[in-house]
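Enquirer: Shown below is the structure under consideration.
Protein chains: 2
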Amino acid sequence: MRQSQLFTKTRKSAPKDEIAKNAQLLIRAGYIHKEMAGVYSYLPLGLRVLNNIMRVIREEMNAIGGQEITLTALQNPAPWKKTDRWRDDAIDVWFKTELKAGGELGLATTHEEPLTALMTEYINSYKDLPRYVYQFQTKFRNELRAKSGIMRSREFVMKDLYSFSRNEQEFREFYEKCAEAYKKIFNRLEIGEKTFRTFSSGGTFSRFSDEFQTVCDAGEDTIYVHKEKGIAVNKEVYTDEVLAELGIKKEELSEAKAIEVGNIFPLGTRFSDALGLKFKDDKGAETPVVMGSYGIGPGRVMGTIVEVLSDEKGIIWPKEIAPYQAHLILISGGNKDVIAEADRLYDLLAEHGIETLYDDRDARAGEKFADSDLLGIPTRLVVSEKTLAEGGVEVISRKTGATTLVSESAIIQTLVGKQGA
Amino acid sequence: MRQSQLFTKTRKSAPKDEIAKNAQLLIRAGYIHKEMAGVYSYLPLGLRVLNNIMRVIREEMNAIGGQEITLTALQNPAPWKKTDRWRDDAIDVWFKTELKAGGELGLATTHEEPLTALMTEYINSYKDLPRYVYQFQTKFRNELRAKSGIMRSREFVMKDLYSFSRNEQEFREFYEKCAEAYKKIFNRLEIGEKTFRTFSSGGTFSRFSDEFQTVCDAGEDTIYVHKEKGIAVNKEVYTDEVLAELGIKKEELSEAKAIEVGNIFPLGTRFSDALGLKFKDDKGAETPVVMGSYGIGPGRVMGTIVEVLSDEKGIIWPKEIAPYQAHLILISGGNKDVIAEADRLYDLLAEHGIETLYDDRDARAGEKFADSDLLGIPTRLVVSEKTLAEGGVEVISRKTGATTLVSESAIIQTLVGKQGA
Chain A
1 MRQSQLFTKT RKSAPKDEIA KNAQLLIRAG YIHKEMAGVY SYLPLGLRVL
51 NNIMRVIREE MNAIGGQEIT LTALQNPAPW KKTDRWRDDA IDVWFKTELK
101 AGGELGLATT HEEPLTALMT EYINSYKDLP RYVYQFQTKF RNELRAKSGI
151 MRSREFVMKD LYSFSRNEQE FREFYEKCAE AYKKIFNRLE IGEKTFRTFS
201 SGGTFSRFSD EFQTVCDAGE DTIYVHKEKG IAVNKEVYTD EVLAELGIKK
251 EELSEAKAIE VGNIFPLGTR FSDALGLKFK DDKGAETPVV MGSYGIGPGR
301 VMGTIVEVLS DEKGIIWPKE IAPYQAHLIL ISGGNKDVIA EADRLYDLLA
351 EHGIETLYDD RDARAGEKFA DSDLLGIPTR LVVSEKTLAE GGVEVISRKT
401 GATTLVSESA IIQTLVGKQG A
Chain Y
422 MRQSQLFTKT RKSAPKDEIA KNAQLLIRAG YIHKEMAGVY SYLPLGLRVL
472 NNIMRVIREE MNAIGGQEIT LTALQNPAPW KKTDRWRDDA IDVWFKTELK
522 AGGELGLATT HEEPLTALMT EYINSYKDLP RYVYQFQTKF RNELRAKSGI
572 MRSREFVMKD LYSFSRNEQE FREFYEKCAE AYKKIFNRLE IGEKTFRTFS
622 SGGTFSRFSD EFQTVCDAGE DTIYVHKEKG IAVNKEVYTD EVLAELGIKK
672 EELSEAKAIE VGNIFPLGTR FSDALGLKFK DDKGAETPVV MGSYGIGPGR
722 VMGTIVEVLS DEKGIIWPKE IAPYQAHLIL ISGGNKDVIA EADRLYDLLA
772 EHGIETLYDD RDARAGEKFA DSDLLGIPTR LVVSEKTLAE GGVEVISRKT
822 GATTLVSESA IIQTLVGKQG A
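Here the protein sequences come in this chain order: A and Y. Residue numbering for the first sequence follows my numbering, starting at 1 and increasing by one per position. Residue numbering for the second sequence follows my numbering, starting at 422 and increasing by one per position.
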């Protein structure tokens, strides 16, 4: 992509009412646009990042047998009334609306009800189980306050997977498998070291659940981290009784603010009982399906990554999700040979499948470098009169700042090697 | 994908209240699920088709310089009030809802207002133009009646592109370019021959617009087709005056029912005037941006394809958008050698990147063939005792029914050749 053609531009400042660092940086860099409090559009570079995050999650969900679907935002009240979650005091973030033809509708905040109802059409026998179904779908949550940027918004894409198992043991096996998949996801997103599987309250569904919490000062949650074991306990279940159960001592834990980037929890037969999702076991007896729920919000993950992986100059994207792998910067000084050289390199990168943002704009070097730091693409390639004279391209790592002069013939290998690393 | 693992199954009948052929077939085949009238979820096979349709559209939009974004469903009333489209009598399909924190919101039926407002932040000078911005985004339309299956639904994904040009001439050039891109899209989707660029009313925006109408008895529109010129006139502008303007005689036209699969229309400066989207021209004078709008509904296109490309047995997917390229059917009769052979072929197809649905279920041959006809995957491969004895694989075209026995060593070449064709 030639930056001269990109419709977005960097901005000196974010809207004054925007207090979250993630939204400030993402708006300044032209990744997102604030429509209103808690409602953000994704612009070309931001959508590329979001799609990359979803790709990583999708790959790991497919690897554990997930089947992708898309349910709807508009909700028929019927199944929600059966589970007693239509009431505003059961789910306090409902948006409700009305059909012109008559009748109330809701905008889905989550999808246990419609999916459980749907599965009754496809699950009859133990031979139809287990099944794992997921989607990337827009959720609407009527939050009273929204001040955490894209980490807590009123409209956002959620990856929600639901497991359907024959019994508790089969459910547990998948639950642990999914917890492992989540670890892989956060490692690939380069927040693995700061993200802890956190023992948490199960809410209305079960006694306990597991959250994945990323340590960060901007977090809304408080957790107690056991560094040695690589786990944590949420403040809400931080009692002597729970610690004893987990075999953890208070003095081994350190308190930290954290952001919940994912959660997995048992649903038991709460929804299958209410909505009649049963199967005939191998003896012909009707048995309710044992369910579980597994969420990750790609937008929240994106916001968290910006909070955690950024410096005073801007964002530092992990390689797997950066909008482009390389940021090619032309400092021509009006020299046509330099322009031709940069154009040639841009074509060469494209031929080798290296996605590149090419700053071909007519702007000062200082402005280009500042924009490049803000955008946070992992590898910067500079072509100028100086590099041309030295017979190479300047390669700069956004993360470490390390600068090397690489001969043009070696540039592709250098970048492909970096991608593999 | 092994069909024994797929959670969906084919059904003998669609819901009784479902009268549209497209929804009947898609529900019976397990591609979609009806949540309520006019609201459909996409199941694994259906989502693959929808994603393929979106891929084709995306490729053609990128080829003409489109930049992809995602705007939001939730709408702040402010810009809609400025264009006087917040009123229910201006847009009669609004869903409205309310913020818990206070204030009315709408669910977007279209996105001229928020995008025009957004672009004011990025367009200042003639150097920032032209720009072409598009999205695949969920629209909500509060239709009084919904009885056309996924061809007219209350919640659906829409590709909407908006053009921003310096003047009428620059706008017209892109308008024609986009019309050509639409032709390419409908040709790739194999409904090109039945789809006509149709002279239509411009509604509130301009005198005329262009619709792309696919001739089909299930269509809601009436058009008059000029076969020789490959164009049509919508009944709503079918007057002597218009025909004279187009240089067409009544007797050259034939009446047909048709489905609107796409539309492109000039917006002029209606939105840029109301929302202050101006630029400084090369003499420094402030000028409103000239806009255009270009829509295609991937779900409606999918429904239209099912209406047009199906027979009494089921769906016949075009190659570019089929959920899988090959449907491998194992008729084992309990013979382990046959199973091993089919498994081996399945692995071979995967190695060569040929996406295959593998019917490895323990079911009768007749049931498998009937399901395969209903699902409509372009190429069926049958492995049985008979084909094994004959030293090959039976290859059947869903479209023509043509059957050939292909030796195993030639099977990949046969399929790759077919994909290229």
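We put the CB at the ideal spot given by N, CA and C, even for glycine.
Could you tell me whether the Cβ of Glu68(A) comes closer than 7 Å to any Cβ of chain Y?
Expert: Here residue 68(A) refers to the residue found at position 68 of the first sequence. It does: the Cβ of Glu68(A) has a partner Cβ on chain Y nearer than 7 Å.
Enquirer: For His111(A), would you say it is in contact with chain Y, using Cβ-to-Cβ distances shorter than 7 Å as the test?
Expert: Mapped onto the first sequence, residue 111(A) falls at position 111. No, no contact with chain Y.
Enquirer: Output yes if chain A places a C-beta closer than 7 Å to the C-beta of Asn497(Y); else output no.
Expert: Stepping through the second sequence from its first residue, residue 497(Y) is reached at position 76. Asn497(Y) counts as touching chain A.
Enquirer: Give a yes or no on whether the minimum CB-CB distance between Tyr543(Y) and chain A is below 7 Å.
Expert: To locate residue 543(Y), count along the second sequence from 1; it is residue 122. Answer yes: the Cβ-Cβ gap between Tyr543(Y) and chain A drops below 7 Å somewhere.
Enquirer: Compute the distance between the beta-carbons of His111(A) and Leu71(A), then report whether it is under 7 Å.
Expert: Mapped onto the first sequence, residue 111(A) falls at position 111. Mapped onto the first sequence, residue 71(A) falls at position 71. A contact, by the Cβ cut-off of 7 Å.
Enquirer: Figure out for me which residue from Phe164(A), Lys100(A) and Arg48(A) has the closest Cα to the Cα of Phe428(Y).
Expert: Locating residue 428(Y) in the second sequence gives position 7, counting from the first residue. Phe428(Y) has its Cα closest to that of Phe164(A), out of Phe164(A), Lys100(A) and Arg48(A).
Enquirer: Once the 5 residues before and after Lys430(Y) are set aside, which same chain residues still bring their CB inside 7 Å of it?
Expert: Along the second sequence, one-based indexing puts residue 430(Y) at 9. Same-chain partners within the cutoff: Gly451.
Enquirer: Determine, using beta carbons only, whether Leu471(Y) and Pro719(Y) come nearer to each other than 7 Å.
Expert: Against the second sequence, residue 471(Y) aligns to sequence position 50. Against the second sequence, residue 719(Y) aligns to sequence position 298. Yes, Cβ-Cβ distance for Leu471(Y) and Pro719(Y) is below 7 Å.
Enquirer: Taking Ile478(Y) as the reference, give the member of Arg508(Y), Pro436(Y), Asn563(Y) and Asn608(Y) with the closest Cα.
Expert: Taking the first residue of the second sequence as 1, we reach residue 478(Y) at position 57. With distances taken between Cα atoms, Ile478(Y) lies closest to Asn608(Y).
Enquirer: Could you check where the beta strand (DSSP E) with Arg380(A) kicks off and where it finishes?
Expert: Your numbering for residue 380(A) matches position 380 in the first sequence. Here the beta strand (DSSP E) through Arg380(A) covers Thr379 to Ser384.
Enquirer: Would a check of beta-carbon distances place Glu35(A) closer than 7 Å to chain Y?
Expert: Here residue 35(A) refers to the residue found at position 35 when the first sequence is read from its first residue. Closer than 7 Å: yes.
Enquirer: Given that a residue counts as buried once 16 or more other Cβ atoms are within 10 Å of its Cβ, and exposed if not, what is Ser13(A)?
Expert: Residue numbering aside, residue 13(A) sits at position 13 when the first sequence is read from its first letter. Ser13(A) should be labelled exposed.
Enquirer: For the beta strand (DSSP E) holding Phe406(Y), just list the boundary residues, first then last.
Expert: The requested residue 406(Y) is not part of the displayed model; chain Y covers only 422 to 842.
Enquirer: So is Ser153(A) buried or exposed if we call it buried at 16+ other beta carbons inside 10 Å?
Expert: What you label residue 153(A) is simply residue 153 of the first sequence in a count that begins at 1. The residue in question, Ser153(A), is buried, as its Cβ has 16 or more Cβ neighbours within 10 Å.
Enquirer: Do Ile396(A) and Gly387(A) count as a contact pair if the criterion is CB distance below 7 Å?
Expert: As a working note, residue 387(A) is residue 387 in the first sequence. As a working note, residue 396(A) is residue 396 in the first sequence. Contrary to the premise, residue 387(A) reads as Thr rather than Gly in this sequence. In this structure, Ile396(A) does not lie closer than 7 Å to Thr387(A) by Cβ.
Enquirer: What does Leu520(Y) touch in chain A if you count any residue whose Cβ is under 7 Å from its own?
Expert: By 1-based counting over the second sequence, the position of residue 520(Y) is 99. In chain order: Asn142.
Enquirer: Consider the C-beta atom of Leu115(A) and the heavy atoms of the ligand MG; say whether any pair is separated by less than 6 Å.
Expert: Judged by which ligands are present, the structure shown has none, so any question about the ligand MG falls away.
Enquirer: May I ask which residues mark the beginning and end of the beta strand (DSSP E) holding Val233(A)?
Expert: What you label residue 233(A) is simply residue 233 of the first sequence in a count that begins at 1. First-last of the beta strand (DSSP E) with Val233(A): Ile231 to Asn234.
Enquirer: Does any C-beta atom of chain A lie closer than 7 Å to the C-beta of Phe516(Y)?
Expert: Along the second sequence, read from residue 1 onward, the residue named residue 516(Y) stands at position 95. With 7 Å as the cut-off, Phe516(Y) counts as an interface residue toward chain A.
Enquirer: What are the partner residues of Tyr659(Y), as DSSP defines its beta bridges?
Expert: Stepping through the second sequence from its first residue, residue 659(Y) is reached at position 238. Looking at the DSSP assignment, Tyr659(Y) forms no beta bridge with any residue, so it has no partner.
Enquirer: Quick check: what's the CA-CA separation for Gly754(Y) versus Glu788(Y)?
Expert: In the second sequence, residue 754(Y) corresponds to position 333, counting from 1. In the second sequence, residue 788(Y) corresponds to position 367, counting from 1. Roughly 14 Å separates the two Cα atoms.
Enquirer: Could you tell me which whole beta strand (DSSP E) segments of length 3 or greater appear in the segment 762-792 of chain Y?
Expert: Correct list: 777-780.
Enquirer: Expressed to the nearest angstrom, what Euclidean distance is found between the alpha-carbon atoms of Thr356(A) and Val393(A)?
Expert: Position 356 of the first sequence holds residue 356(A). Position 393 of the first sequence holds residue 393(A). Distance between the alpha carbons of Thr356(A) and Val393(A): 15 Å.
Enquirer: Quick test of the definition: if touching needs 3 or more C-beta pairs under 8 Å, does the segment 683-698 of chain Y touch the segment 565-573 of chain Y?
Expert: Not touching, per the Cβ criterion.
Enquirer: Shorter than 7 Å from the beta carbon of Pro44(A) to some beta carbon of chain Y?
Expert: Numbered from 1 along the first sequence, position 44 holds the residue referred to as residue 44(A). Yes, because at least one Cβ of chain Y sits closer than 7 Å to the Cβ of Pro44(A).
Enquirer: Return helix, strand or coil for Arg469(Y), following the three-state DSSP convention.
Expert: The residue given as residue 469(Y) occupies position 48 in the second sequence. Reduced to three states, the DSSP call for Arg469(Y) is helix.
Enquirer: Along the chain, where does the beta strand (DSSP E) containing Asn263(A) start, and where does it finish?
Expert: Taking the first residue of the first sequence as position 1, residue 263(A) is located at position 263. Looking at the DSSP string, the run of the beta strand (DSSP E) that includes Asn263(A) is Ser254 to Gly268.
Enquirer: Based on Cα-Cα distance, which residue from Phe790(Y), Gly797(Y), Ala786(Y) and Ala747(Y) lies nearest to Tyr779(Y)?
Expert: As a first step, residue 779(Y) is located in the second sequence; it is residue number 358 there, counting from the start. Out of Phe790(Y), Gly797(Y), Ala786(Y) and Ala747(Y), Ala747(Y) has the C-alpha closest to the C-alpha of Tyr779(Y).
Enquirer: Determine the contact status of Ile248(A) and Phe196(A), defining contact as a CB-CB distance below 7 Å.
Expert: The residue labelled residue 248(A) in the question sits at position 248 within the first sequence. The residue labelled residue 196(A) in the question sits at position 196 within the first sequence. Taking 7 Å as the Cβ cut-off, Ile248(A) and Phe196(A) do not qualify as a contacting pair.
Enquirer: Applying the criterion that 16 or more other CB atoms from any shown protein chain within 10 Å of the CB defines a buried residue, is Phe174(A) buried or exposed?
Expert: Working through the first sequence from its first residue, we reach residue 174(A) at position 174. Buried: at least 16 other Cβ atoms inside 10 Å.
Enquirer: Could you tell me which residues DSSP puts in a beta bridge with Lys139(A)?
Expert: Position 139 of the first sequence holds residue 139(A). Lys139(A) is bridged to Phe156(A).
Enquirer: Assuming Asn76(A) and Met457(Y) form a contact by the criterion Cβ under 8 Å, report the distance between their Cβ atoms to the nearest whole angstrom.
Expert: Your numbering for residue 76(A) matches position 76 in the first sequence. Your numbering for residue 457(Y) matches position 36 in the second sequence. 5 Å between Cβ atoms; contact.
Enquirer: Among the candidates Ala101(A), Ala108(A), Ala23(A) and Gly103(A), whose CA atom is the shortest distance from the CA of Arg85(A)?
Expert: For this step, residue 85(A) is matched to residue 85 along the first sequence. Checking every option, the nearest Cα to that of Arg85(A) belongs to Ala108(A).
Enquirer: So with Cβ pairs under 7 Å, would you call Arg552(Y) a contact of chain A?
Expert: Here residue 552(Y) refers to the residue found at position 131 when the second sequence is read from its first residue. Yes - at least one Cβ of chain A is within 7 Å of the one on Arg552(Y).
Enquirer: With a threshold of 7 Å between beta-carbons, can Gly841(Y) be considered close to chain A, or not?
Expert: Residue 841(Y) sits at position 420 when you count from the first residue of the second sequence. Low confidence applies to Gly841(Y): its pLDDT is 41, below 50, so where it sits in the model is not reliable, and the reading given next is rough at best. It does not: the Cβ of Gly841(Y) has no partner Cβ on chain A nearer than 7 Å.
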